[in-house]
Structures are given as C-alpha cells and as structure tokens.
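First comes the structure, then the notes that go with it.
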Amino acid sequence: MSHDHDDFAVEPIRGLPEVPPEGERILWQGAPSWLGLARDAFKTRWIAGYFAVMAGWSILNTGTGGAPVDWRAGVPFLVMGGIALGLLYLIALVQAKTTVYTITNRRVAMRIGAALTVTLNLPYKWVGSADLGVRKNGTGTIALDLIGSTKFSYLVCWPHVRPWYIARPQPALRSIPDAEKVAQILADAAQAHVTVSSSRVEERAAAALVAAE
C-alpha cells in the first residue's frame, strides 16, 4: 500500500506518516549514500566517461591532415560534462536527504521522493524474497520481490526500485551503507514475524478445535 505524504505535515516519527501501532518496534532506519546513489542510479561514472571520450575525439580530430592538435576543441564537452555531473550529483544529494528507509518488526517502510513524497508500507506478508547486492565499500541495495497483486509505479518510485524490473517493479533500499548488516536485520525480522504469525494460526486452529469439541 502506498499513499501520498504531506510535505508540510510534522511526522510523529521521522520517516513514518503515523505513530506505529502497539507492539511495533523500529529496528533500523537509514538512507542512501548520496555518492553511491549518484554512481549506481544516475550512472555518473558512465556519463563522465562519455564526455571524456567525446572531448578526446574532438581534440584528435583537430590533428587530421597534419594540422596541430588543438586542445581547446575538447573544452565544450568538458564543460557540458561538468554541468551534467553537477546536476546529477545535486539530484542524488536531494534524493538521499529526503529519503528514509525504516525496518520494523512488522514491515519495511520507505519514505521516498523529493518533489512528490510518497510513503510505501510493505508488510512482511507481502515480501516473497529479498535480494542483496553489495559493493566492495560495503554499500549495497536490497530489492524486495513482492508477492500477490500488489503493484507500484516504476517511475514514481525510481530510483528506489531494482533497475530494469519495469513490468513488475521491486521496491529497493538503494545504496545503503553496511548493506549486509541491514540485510541481516531485515532477514531476522521477517523470519521472526513468520514464526509469530504461524504460532498465532496454530493457536487459533487449536482454539477452534477445542470449541468444536
């Protein structure tokens, strides 16, 4: 379930649109690394490489026919590349500053979006599996594969989704520090929730059996 969140409303608890119900505990809260988000979601390294290649190609082209190489030919591409990278880094910084990921003993909540702020509430019963991808520096992404008919808009949730899973978007905790530690917290919470839910089902079944007798 997702819903719009009023930017001007005061959150009772950071990252959550309302006070958690009795018995729900916050286990972890965090946000993307803005540098990691810029690299992974906005592909800043690829864009920097593109403009560097274009600048080099322009410079080399000035040396054809025996003419001397003019290094100034690459300046426009370097300037454009600098502007593009600056804007992408700024967007990544804003996204990271306005995002709050929350893991509780009952759900994963994602307050995402800069211009349009949305809060996704994902109970563990909706989560079929979680896939972890980790980089050498410890940052990583946890993608949630949802079960049932729950659907989200890829464009509305981007960049907080698993890349290229457009037909069936997977909400994702993108570029978070200490990703392995966070994944373990999530796994333990989900497993504990399943165990508790199973126990409650067994208790209800036993109670119904006793009542029937």
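Under this note's numbering, think of the first position of the sequence shown as 23, with each following residue one higher.
Backbone N, C-alpha and C fix where the C-beta goes; we use that ideal spot for every residue, glycine too.
Rounded to whole angstroms, how far is the Cβ of residue i from the Cβ of residue j, which I believe are closer than 8 Å?
i           : j           : result
residue 64  : residue 102 : Not quite, the Cβ-Cβ distance comes to about 16 Å (not below 8 Å), so this is no contact.
residue 207 : residue 49  : 5 Å
residue 110 : residue 66  : 6 Å
Could you say which of the options lies nearest to residue i if we only look at CA atoms?
i           : options              : result
residue 59  : 92, 114 and 39       : 114
residue 150 : 138, 139 and 167     : 167
residue 201 : 178, 46 and 165      : 165
residue 170 : 146, 179 and 99      : 146
residue 57  : 81, 48, 42 and 160   : 160
residue 41  : 83, 70, 126 and 91   : 126
residue 163 : 129, 61, 210 and 93  : 61
residue 197 : 35, 133 and 52       : 52
residue 137 : 186, 180 and 35      : 180
residue 54  : 99, 46 and 123       : 123
residue 172 : 80, 144 and 188      : 144
residue 203 : 188, 154, 174 and 45 : 154
Roughly how many angstroms lie between the CA atoms of residue i and residue j, to the nearest whole one?
i           : j           : result
residue 38  : residue 205 : 20 Å
residue 90  : residue 83  : 10 Å
residue 313 : residue 184 : A query on residue 313 cannot be resolved here, the shown segment of the chain reaching from 23 to 235 and no further.
residue 215 : residue 77  : 55 Å
residue 139 : residue 71  : 32 Å
residue 121 : residue 96  : 37 Å
residue 33  : residue 68  : 38 Å
residue 129 : residue 142 : 10 Å
residue 158 : residue 199 : 11 Å
residue 190 : residue 176 : 8 Å
residue 182 : residue 134 : 7 Å
residue 235 : residue 156 : Caution applies to residue 235, whose pLDDT of 47 falls short of 50 and renders its modelled position unreliable; the value that the coordinates give is listed next. Taking the straight line from one Cα to the other gives about 54 Å.
residue 105 : residue 186 : 26 Å
residue 212 : residue 132 : 16 Å
residue 210 : residue 35  : 23 Å
residue 118 : residue 92  : 41 Å
residue 148 : residue 112 : 34 Å
residue 47  : residue 152 : 20 Å
Can you name the residues that DSSP bridges to residue i?
i           : result
residue 153 : 165
residue 132 : 123 and 142
residue 50  : 125
residue 183 : 193
residue 38  : 35
residue 198 : 162
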